[in-house]
Amino acid sequence: MSPDAAPILNVAGLVKRFGGFHALDGLSFHVAPGEILGLVGPNGSGKTTAINVVSGLYAPDGGEVRFEGQPIGGLASHRLVHRGINRTFQVPKPFMSLTVRENVDVALAYGRARTAPPPVAQLLEDYRLGEVAARPAADLNSAQQKMLDLVRALATAPRLLLLDELAAGLNPAELDWIAQRIKALAAAGMAIIVVEHLMGFIEQITDRVIVLNAGRDIFEGKLAAAVKEPQVIEVFLGGEHAR
Amino acid sequence: MPKLVKHLLLIVLPLLAVFAVAPAVYQNHLLLFNFVIFLILAQGVNIIYGFTGYLPFGYVGFFGAGAYGFAIMVMHLQMPAALAVLAAGVVGVVLGLLLTPLLRLTGAYFAIANLAASLAVLHLVANPALESITKGPYGVSLTGTFNPTLAYEAALVVLALTLGAVVYLRNSSFGLALQAVREDPVSAAMAGVDVVRMRMVAWLASALVAGLAGGVYAWYVSVFYPDNVFSGEFSIFAIVFALFGGVATILGPIVGVLILYGVYNLIGFTTPQYFQLIYGLLIMGLVLFLPAGLMSLATRRGWHVP
Amino acid sequence: MLTYALVAGVLFGLYFSLVGIGLNLVFGVMRIVNLAHGDIIMLGGFIALGVVTLASVDPLFAVPLAFVVFVLAGLALYYVLVPRLQGASNPEMLSIILFFGLSQVIEAITTIFAGTSERSIQSRLLGTVFTTIRVKWFGGKPGPGGPIHILGQGFPAPWVIAAATSLVAIGLVYVYLYRTRLGTLTRAVMSRRDEALATGIDVDRVSAAAFGIGLGLAAMAGVFAPFMFGSITPAFGADATVTSFAIVVLGSLGNPLGTALGGIVYGVCYMLVQTYLSSWADLLPYVLLILILLLRPSGLLGRRVRVA
Chain A
1 MSPDAAPILN VAGLVKRFGG FHALDGLSFH VAPGEILGLV GPNGSGKTTA INVVSGLYAP
61 DGGEVRFEGQ PIGGLASHRL VHRGINRTFQ VPKPFMSLTV RENVDVALAY GRARTAPPPV
121 AQLLEDYRLG EVAARPAADL NSAQQKMLDL VRALATAPRL LLLDELAAGL NPAELDWIAQ
181 RIKALAAAGM AIIVVEHLMG FIEQITDRVI VLNAGRDIFE GKLAAAVKEP QVIEVFLGGE
241 HAR
Chain B
1001 MPKLVKHLLL IVLPLLAVFA VAPAVYQNHL LLFNFVIFLI LAQGVNIIYG FTGYLPFGYV
1061 GFFGAGAYGF AIMVMHLQMP AALAVLAAGV VGVVLGLLLT PLLRLTGAYF AIANLAASLA
1121 VLHLVANPAL ESITKGPYGV SLTGTFNPTL AYEAALVVLA LTLGAVVYLR NSSFGLALQA
1181 VREDPVSAAM AGVDVVRMRM VAWLASALVA GLAGGVYAWY VSVFYPDNVF SGEFSIFAIV
1241 FALFGGVATI LGPIVGVLIL YGVYNLIGFT TPQYFQLIYG LLIMGLVLFL PAGLMSLATR
1301 RGWHVP
Chain C
2001 MLTYALVAGV LFGLYFSLVG IGLNLVFGVM RIVNLAHGDI IMLGGFIALG VVTLASVDPL
2061 FAVPLAFVVF VLAGLALYYV LVPRLQGASN PEMLSIILFF GLSQVIEAIT TIFAGTSERS
2121 IQSRLLGTVF TTIRVKWFGG KPGPGGPIHI LGQGFPAPWV IAAATSLVAI GLVYVYLYRT
2181 RLGTLTRAVM SRRDEALATG IDVDRVSAAA FGIGLGLAAM AGVFAPFMFG SITPAFGADA
2241 TVTSFAIVVL GSLGNPLGTA LGGIVYGVCY MLVQTYLSSW ADLLPYVLLI LILLLRPSGL
2301 LGRRVRVA
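Protein chains in written order, with the working numbering: chain A, 1 to 243; chain B, 1001 to 1306; chain C, 2001 to 2308.
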C-alpha cells in the first residue's frame, strides 16, 4: 500500500450521456499504484458507467481520463488492455465453447503484457480453476466464471484493474479468500478500483472510497468517515427509500 | 511433432494425394472436380462461420463474382487463365471489402443482408444494361481457355491453400482469438484482441477462397450463365456440408462433403426437387438432433477432433 | 404518370404491409426470423389456385381458408419445432438454419406436386362475388369488372381489392394486439420477453398464437400473389422472404404496425423504380434492405438495437 505515490489514473470532470440522461455528470477521482479504491453509491449513480468509460467500452462525452499521464478517453478497449488496463464484468461472459485454459491463452497471446504474467498453471491454481482447466468454460458455475474472468484479466498483467461486483454471489468463506487475493495484488503494486454493493467487503479491502450520486462524486475518503457524512447518509437512505 | 505439422501430414496431404491421383483411375472427372469445389467452399464457410460465427447465406456471391471476374479478365483483357484465377480471387476480396460494413450486423441480420448482397450482385451481373461487360443474362462462353486438366489442378492448389488456412486457424492463437470473438466480442477485446480487425481478416480470407474457387470453376466449365454461378445451391451445399460434419474443426467439413456429396451422387437423383426435399429434411434434422455436427459425437466422448 | 405511380405505390404498399406483417409478428414475439415466410406466401397462392380450379369460385374465398389452415399449421409446427430449439446453446442461429431447411422442404414438396411452371389466375375472377351480389340484389348485368378509377386513373381491380383486404387485416391485427387479452400479453412478451417470463405470463401460449397468426397472415397475403405479381412458381418463396424482410426492416423489426409504414414506403419506391428505371427494379429490394440495415438499423420507426 503506497497511497502517497503519484496517481496512475486521473479522471477529471467526466461526462457520459445516454440520450438526454447524464449517467456521468462531472465525475473526478484518481487512484495510485498499490491502492484499492472503492466506488460506492446507490443504483444508477454511475459506478459501472465510470468503469465502462475507463475501460473503453464507452467513449466519454466530456472531461478527461489520463492513464500514466496520457489521455486515454475514447481509445478502443483492446488498446487500453495493451497499455495496462483491464477489468472484470458484473456478469462475466467467458468464451463458453473454449476450455478454461484456452480462455486464458487468448489473453496471454493478445494481451501484450509488459511484464511477464504468472504462469497459466499458477494463475489457474491460485483462483481455484486448476481442476477444471481442460473443461469448456460453459461447464463452470457462476462463481468459477467470475474467477475465470479475473484470471483472463490478470493474464494481461494489468497495472490498473477494475473489478465490477466481483464479490456478489460468493459465500462468506470465498469472500474472505478473494479479499486476501485482491489485497495481495495491490501489495504487489497494482492499482485496483472496486465497484461493490457489499459494504463489509468494501470496508475490508479498500484504502479509500469515492461516493457517487447522480453521476458525480460527493465524498472522498475512508468509508468509516463517509458513513458519518450527512450528505452521504441522505443519498443512501433517500436512494434506498426511493426504490 | 507440432500439431500443425501432424494435421498437414495426416489430413491435408493424403486428401490432396487422393484427389491428385483419382482422375487417372476414375472416369467421372466432373464429379471429382465438383468434390474439390465443395471441399473448398465448405472450408470457406468454416472459416467465416465456424471461427467467427457469421452465417454467410450469400456466400455464393463471392463464388459468382469470382467466376465473372475470371470471365471478364479473359474476354476483355485476354488474360491467361491461371492469372485470371488470381484476378478472380482479387474480385472476391474486393467484394468482401465492399461488404465489410455488413460485419456490424449480427445473427440473422448479417445472414439476410449477406443473402441480399449476393442477390444484388446476381441481378447486377445479369442486367441486360451491362451486356457489353458481363454479357448480361445471355451467359459467357470462354472456349479459348478451355482446359479441364489444368483447371482441375488449379482447383487442387486452391484446395491446398484453403486447407492450409484452416489448419493454421485450428492450431494458432489467431484461430483461438477468432473463436473468442465469436463467443463474446466484449470479453475478447478485454483479452487484448482487436475485434474489428480479426473479423475482417477472416471475412476477407473466406471471400478470397470463394473467389478463387469461382475463377477455377469458370475455367473448368467455360460456358455458364449468371443463374449457374450465382445459384443459391452453392451457398446451401457449402453451409450444410460444413454444419453436417461440424464447424471449427479441420475434419468436420471434409467429412461432411465426402459423406453428403458422396451419398448424393451414389443415389443419383435425377429430379432436383427430391434432392432439395431430402436436403431440407436433413438440415432440419441436423438442427433438431445434432446441432454441433457429426464431430460432436466424438467430442462429447471427450475425444479431441482435429 | 407520377400520380399513377404514387397511387399504385400506395395500393401495392398496403399489400406489401400484409406480406411483411406476419414475419414481423413472429420475430417480435419469438426473436426468430422465419425464413420459410415467403414459402407460406407461395402456398397461399396455391390455395387460391386450388379454390379457382377445383371449386371454380371467387379466389377471395381462399382468404379465410388460407388463414385458418395456416393458423392451425403454424400452431402444430410451433409445438413440434420450437421446444427443441430452445434447449440448444445458440437458438437464434439455429432457428435461422432450421427455418431455412423448412423453406427448402416446402419448396421441394410444392414442386413435386405442382411442377416448376408459372401459374397464374385470370384477374377477372377475383371479386366476382361482388358482381354476383350486385346482380342478385340490385339487378343489372353481370359484366366484366373493369378497372377501378382513383384520382382519374384506372387501376386493375385486383390491386384495389388486395389493398382493401390488407387494410382490413392490418386493422384486425391492431384490434388483436390492443383490444384483446392475448394481444396485450403478446405486446408484453414483445417488449420484454425475460420479464414476461418472470411475471408468469404463459410465453409459450403467446408465442404459439403469434406464430400461427403470423403464418395465417402470410398465407392470406399469398392468395393475392398471383394477381399482384402476375404469376407464381414454387421457387417464388425465397424472393418473397427477402422482400418481406426488406419491408419489415424498413418499418422496424419487432413493431408489427410499423410494417404498415414500411410496406407503403417500399410500395411507392417499387412503383417509382418500375416506372422510371425499370431495368434496375429487380435490384431494389436487396439494395434497399442493405442500405436500411447499415444506415438506419432501427428502421424508420423504433429504436431496437441490432448491431454488435
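All C-beta atoms in this analysis are idealised placements derived from N, C-alpha and C, irrespective of residue type, glycine included.
{"query": "Backbone CA spacing between residue 180(A) and residue 193(A) [nearest angstrom]", "result": "15 angstroms"}
{"query": "Interface partners of residue 2100(C) on chain B, CB under 7 angstroms", "result": "1283"}
{"query": "Delimiting residues of the alpha helix (DSSP H) encompassing residue 2195(C)", "result": "2193 to 2198"}
{"query": "Alpha carbon of residue 2280(C) to alpha carbon of residue 1237(B), nearest angstrom", "result": "29 angstroms"}
{"query": "Between the CA atoms of residue 1116(B) and residue 2005(C) - distance to the nearest angstrom", "result": "25 angstroms"}
{"query": "Beta-carbon gap between residue 1219(B) and residue 1142(B) smaller than 9 angstroms", "result": "yes"}
{"query": "Any 3 or more C-beta pairs closer than 8 angstroms across the region 1076 to 1096 of chain B and the region 1210 to 1230 of chain B", "result": "yes"}
{"query": "Close-in-space but distant-in-sequence residues of the same chain around residue 2009(C) (CB under 7 angstroms, 5 per side omitted)", "result": "2267, 2268, 2270, 2271, 2272"}
{"query": "DSSP three-state assignment for residue 167(A), whether helix, strand or coil", "result": "coil"}
{"query": "Residue 2274(C) versus residue 2236(C): straight-line alpha-carbon distance, rounded", "result": "19 angstroms"}
{"query": "Beta carbon proximity, residue 3(A) to chain B, threshold 9 angstroms", "result": "Residue confidence is low: residue 3(A) scores 49 on pLDDT, short of 50, so the model does not pin down where it sits. No coordinate-derived value is stated."}
{"query": "Contacts of residue 1183(B) in chain A (Cβ-Cβ under 8 angstroms)", "result": "93, 94, 95, 96, 97, 98"}
{"query": "Same chain only: Cβ atoms within 7 angstroms of residue 68(A), ignoring 5 sequence neighbours per side", "result": "8"}
{"query": "Supposed contact pair residue 99(A) and residue 157(A) - C-beta distance, whole angstroms, cut 8 angstroms", "result": "Not really, about 22 angstroms apart at Cβ, beyond 8 angstroms."}
{"query": "Beta-carbon neighbours of residue 194(A), restricted to chain B and to distances below 8 angstroms", "result": "None at all; the shortest Cβ gap to chain B is about 17 angstroms."}
{"query": "Interface partners of residue 2286(C) on chain B, CB under 8 angstroms", "result": "1116, 1117, 1119, 1120, 1123"}
{"query": "Alpha-carbon spacing of residue 2224(C) relative to residue 1039(B), whole angstroms", "result": "43 angstroms"}
{"query": "Cβ shell of residue 1130(B) (< 8 angstroms), same chain only, five flanking positions each side left out", "result": "1124, 1136"}
{"query": "Nonlocal neighbours in the same chain, by C-beta distance under 6 angstroms from residue 1056(B), ignoring five residues either side", "result": "1048, 1114"}
{"query": "Beta carbon of residue 2218(C) nearer than 9 angstroms to that of residue 2019(C)", "result": "yes"}
{"query": "Interface flag, residue 1057(B) vs chain C, CB-CB below 9 angstroms", "result": "yes"}
{"query": "Residues that residue 1127(B) contacts on chain C, provided the C-beta gap is smaller than 9 angstroms", "result": "2279, 2280, 2282, 2283"}
{"query": "Within 7 angstroms of chain B by C-beta, residues of the region 2105 to 2131 of chain C in sequence order", "result": "2105, 2107, 2108, 2109, 2111, 2112"}
{"query": "DSSP beta-bridge partners of residue 210(A)", "result": "39(A), 220(A)"}
{"query": "Contact check, residue 2029(C) vs residue 2207(C), beta carbons under 9 angstroms", "result": "yes"}
{"query": "Residue-chain proximity (residue 324(A), chain B), Cβ-Cβ < 9 angstroms", "result": "Chain A is shown from 1 up to 243; residue 324(A) falls before or after that span and cannot be answered."}
{"query": "Cβ distance (whole Å) where residue 40(A) is taken to contact residue 211(A) below 8 angstroms", "result": "6 angstroms"}
{"query": "Own chain residues within Cβ distance below 6 angstroms of residue 2189(C), not counting five before or after", "result": "2029, 2196, 2203, 2206"}
{"query": "Residue 1231(B) beta carbon near the ligand NAD (any heavy atom closer than 8 angstroms)", "result": "With respect to small molecules bound, the structure shown includes none, and the ligand NAD cannot be examined in it."}
{"query": "Alpha helix (DSSP H) runs contained entirely in the region 2098 to 2140 of chain C, provided each spans 4 or more residues", "result": "2128 to 2138"}
{"query": "Alpha helix (DSSP H) segment containing residue 2237(C), residue limits", "result": "2236 to 2250"}
{"query": "Reduced DSSP secondary structure (H/G/I, E/B, other) of residue 1003(B)", "result": "helix"}
{"query": "The region 98 to 127 of chain A: positions lying closer than 7 angstroms to chain B by Cβ", "result": "98, 102, 105, 106, 107, 109, 110, 111, 112"}
{"query": "Bridge-paired residues (DSSP) for residue 90(A)", "result": "According to DSSP, which records beta bridges pairwise, residue 90(A) is partnered with nothing at all."}
{"query": "Partner residues on chain C for residue 1137(B), Cβ-Cβ distance less than 9 angstroms", "result": "Here the premise fails: no neighbours, minimum Cβ distance about 11 angstroms."}
{"query": "C-beta contact flag for residue 2044(C) and residue 2239(C) at 9 angstroms", "result": "no"}
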